[in-house]
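The block underneath contains the structure these notes are about, expressed in structure tokens.
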Amino acid sequence: MFFSHLPLGQKLELSPNHVHIWSKNLKSPPSEIEELSKILSSDEIDRAKKFHFERDKNRFIIARGTLRKILSCYLNIEPKKLQFTYSERGKPYLPDTSILFNLSHSQDLALYAITTVNLIGIDLEYIRPMNDAEALAKRFFTSQEYNLISQLPPQQQQEIFFKIWTCKEAYLKATGDGLAGGLEKVEVCLKPEQPIQFISINGDFQEASRWYLHQFIPESNYIAAVVVAGINQNLSFWQTIELGIEAMFKDCTRRWI
């Protein structure tokens, strides 16, 4: 694994059909939380104040502040000066730029997917114990996906459930529909020794082939998926550190499931 150090103020470039995926540990010292809170917008501060638990409030501040710092490296704009707009379903955008992005966080980890031109979505889930994976699959997944999960032992049900869920949600986040778009409308296929892939979207097999899907394990006990409009995407993985940004390049095949 090769680490390349970059100062926060250095401008980063994105080539066509390239995707940068960033990870950020959300366990930060009070000094970093205070620093990040200073670059948030007034509406982000208001959102942070609405969290009941201090832990959740801090996670939100860290995740949003880090997003601003990352995006500022591509746009050469001070993090605080970035102005987001939001879709009807709440997906954030940066108007008048070619940069498209999406973020997801679960427990103590956040992931950010950055690209140009193409719609993009990312979902991250902490693999937690659950005894209702089969029931949830019956409610939200296709009949084929449910049949697959129902035939597995409980521990495998949990693992496969999260694999399928992250792919579906990443797609719905890419389109901007969110969960309201219908998890059951996105069908995925799991085959041994092969990366997970879309079979159909709204019953359309051709539409499924227009989306790039990559699933990976960012850390132990986590599962994630990134979805991009278009094919043949090139992925690079980066990691933030407290005092700067650290580039973490990995061979994607090591993370395929």
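Numbered per the numbering used here, the sequence shown spans residues 2 to 258.
C-beta atoms are modelled at their ideal positions from N, C-alpha and C, and glycine is treated no differently.
Would you kindly work out how many angstroms separate the C-alpha atoms of Pro-17 and Thr-86, rounded to a whole number?
One C-alpha to the other measures close to 23 Å.
Which stretch, first to last residue, makes up the alpha helix (DSSP H) that contains Asp-205?
No alpha helix (DSSP H) holds Asp-205; DSSP gives it neither H nor E.
Rounded to whole angstroms, what is the Cα-Cα separation between Ile-165 and Ser-88?
The alpha-carbon atoms of Ile-165 and Ser-88 are separated by roughly 25 Å.
Going straight from the alpha carbon of Phe-217 to that of Asp-133, what length do you get?
C-alpha separation (whole angstroms): 24 Å.
Between the beta-carbon of Ala-230 and the beta-carbon of Ala-171, is there less than 7 Å?
Contact flag unset, no.
Who are the Cβ neighbours of Leu-191 in its own chain at under 8 Å, not counting the five residues just before and after it?
Excluding sequence neighbours, Leu-191 sits near Leu-149, Ile-161, Lys-164, Ile-165, Ile-197.
To which residues of the same chain is Leu-276 closer than 6 Å at the C-beta, ignoring the five residues directly before and after it?
Residue numbering for the chain in the displayed model covers 2 to 258; residue 276 lies beyond these limits and cannot be assessed.
What runs of the beta strand (DSSP E), each 3 residues or longer, lie entirely inside the region 93 to 175?
Complete beta strand (DSSP E) runs here, min 3: 100 to 107, 110 to 117, 121 to 127.
Quick check: the Cα distance between Cys-74 and Gly-183, rounded to an integer number of angstroms?
C-alpha separation (whole angstroms): 35 Å.
Closest to Ile-121 by CA distance: which of Ala-64, Thr-176, Ile-224, Glu-36 is it?
Ranking the options by Cα distance to Ile-121, first place goes to Thr-176.
Could you name the residues that DSSP lists as bridge partners for Glu-188?
Paired residues: Ser-201.
Enumerate in chain order the residues of its own chain whose CB-to-CB distance from Glu-208 is below 7 Å, with the five nearest sequence positions on each side excluded.
Ile-202.
Would you decide whether Glu-146 is buried or exposed? Buried here means 16 or more other CB atoms lie within 10 Å of its CB.
Buried, by the Cβ-count rule.
Is it the case that the CB of Thr-86 approaches a heavy atom of the ligand NAP more closely than 6 Å?
Only the bare structure without any ligand can be found here, which leaves the ligand NAP out of the picture.
With a cut-off of 8 Å on the beta carbons, I'd call Val-189 and Ala-114 a contact; round off their distance for me.
Their Cβ separation, rounded to whole angstroms, is 18 Å, which puts Val-189 and Ala-114 out of contact at 8 Å.
For Phe-21, write down the residues that DSSP places opposite it in a beta bridge.
Residue identity check: residue 21 is His in the sequence provided, not Phe. DSSP, once it has assigned bridges, lists Ile-115, Ser-237 as partnering His-21.
Smallest Cα separation from Lys-58: which of Ile-78, Leu-37, Lys-70?
Of the candidates Ile-78, Leu-37, Lys-70, the one whose C-alpha sits nearest the C-alpha of Lys-58 is Leu-37.
Measure the CB-CB distance between Leu-112 and Ser-29 and report whether it falls below 7 Å.
It is not a contact, given that the beta carbons lie outside the stated cut-off.
Going by DSSP in three states, Leu-83 sits in which element: helix, strand or coil?
Three-state result, Leu-83: coil.
With 16 other CB atoms within 10 Å as the buried threshold, where does Asn-233 fall?
Classification of Asn-233: exposed, given that the 10 Å Cβ count is below 16.
What does DSSP give as the partner residue(s) for Asn-26 in the beta ladder?
Partner(s): Leu-110.
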